[in-house]
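What follows is a set of notes on a single structure, which appears directly below.
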DNA sequence: TTACCAACGTTGGCGCTACCAACAAATAGG
DNA sequence: CCTATTTGTTGGTAGCGCCAACGTTGGTAA
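Residue numbers (our numbering), protein chains in the order written: chain G, 1166 to 1323; chain P, 1166 to 1323.
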């Protein structure tokens, strides 16, 4: 049976939070699948993009800039180091931290991943016009700021 | 440090799928917390809303109408039965299935949960005007249909 | 009448994600 | 010298979405 033929309770279907999470799951899955075909994960993309934008930096800094947990940054860098897309070296001026550097292999890999993500997202958001995409991004951006401030107001829970 | 002070790589920040999943996580978490305060879960709400809209029905039917997996429907009904908000009886005409019925306690509980969800969502989406909310819902609805059709086209992957 | 298939409900489980705590090493500041 | 904090790593948890297998039941075709 076509799932779009099934009648949903109006009270249930009227919940924007349910709609939002359903769409996010669908979009996330399709972009994750696109990255998986290249043996990549979105955290890999986040790390590589951040290194290209801001240069070599510590894992803690990468965690702060990407919003990815420090332990997940370790896992991502482990993989990226194996792939030779980044290098990892102890900071000689502060041995608590490693300095992660994008390699030229990593530069090329980032281009590849960016292209794949671009196409995956174009497909995922295809029904929306450019104007609508801009509106969606604007609204979601404001919602994100709103929730970040709410978390800050709720006794700084991170 | 205020996380909003941290500069994000433009290439990373320009990914709408990342923004969408971040906002969905924030909104989902805040509505889940609101329901948790009433010892409820969104699947409970989905089941109760569906029973009120369409009357007594089987667990399989509830699964199809809500999109919740059959095994998760079992868990939800187990709890709702303990709370006496639904009753569960074997269908005398087809003993393969149970018939789930909303009780009067369940009617009241649904009102309570609907109120809490309403307020939680009003808070979660507060930065958006009513016109913007309508636009957001329209766009997300079209995206959801698009992805449902894509799944159908990809050899019926469920 | 029998064999086969599908549906239903349940159980147990998997994989992923987001996140956390604990620890050791290192650094900064008083 | 001591205390507090930072960094990176490891191991883990909770929740979610989803799946497979099983036993029971009902329907259908041969």
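The beta-carbon is built from N, C-alpha and C at its ideal position, and this holds for glycine as well.
Just so you know, these numbers come straight off a predicted model, no measurement behind them.
query: So, helix, strand or coil for residue 1254 of chain G, using DSSP?
result: strand
field: Nearest-angstrom Cα separation, counted from residue 1190 of chain P out to residue 1275 of chain G
entry: 26 Å
query: With DSSP run on the structure shown, which of helix, strand or coil describes residue 1294 of chain P?
result: coil
message: Quick test of your reading: residue 1251 of chain G and residue 1203 of chain G, contact by CB under 8 Å. State the CB separation rounded to the nearest angstrom.
response: Not really, about 16 Å apart at Cβ, beyond 8 Å.
- prompt: Taking just the CA atoms, how far does residue 1288 of chain G sit from residue 1264 of chain P?
  reply: 41 Å
- request: Evaluate residue 1232 of chain G with the Cβ neighbour count: other Cβ atoms within 10 Å of its Cβ, from every protein chain shown; 16 or more gives buried, anything less gives exposed.
  value: exposed
query: Can you name the residues that DSSP bridges to residue 1264 of chain G?
result: G:1223, G:1254
query: When we look at the beta-carbon of residue 1236 of chain G and count the other beta-carbons within 10 Å, is it buried (16 or more) or exposed?
result: exposed
task: Check the Cβ of residue 1206 of chain G against every Cβ in chain P and list those closer than 8 Å, keeping chain order.
output: Within 8 Å Cβ-Cβ: nothing; residue 1206 of chain G doesn't reach chain P, min ~13 Å.
Three or more C-beta pairs below 8 Å linking the region 1289 to 1309 of chain P and the region 1178 to 1192 of chain G: yes
- prompt: Using a Cβ-Cβ cut-off of 7 Å (strictly less than) and excluding sequence neighbours within five positions of residue 1295 of chain G, which residues of its own chain qualify?
  reply: none
- prompt: Of all Cβ atoms in chain G, is any one closer than 8 Å to the Cβ of residue 1180 of chain P?
  reply: yes
- prompt: Do you know whose CA, among P:1173, P:1188, P:1172, lies nearest residue 1302 of chain G's CA?
  reply: P:1188
task: State the DSSP-derived secondary structure class of residue 1204 of chain P, mapped to helix, strand or coil.
output: coil
field: Simplified DSSP assignment, three categories, for residue 1179 of chain G
entry: coil
message: Given this structure, state the Cα-to-Cα distance separating residue 1262 of chain P from residue 1197 of chain G, to the nearest angstrom.
response: 37 Å
message: Less than 8 Å between CB atoms is the rule here; does residue 1292 of chain G satisfy it with respect to chain P?
response: yes
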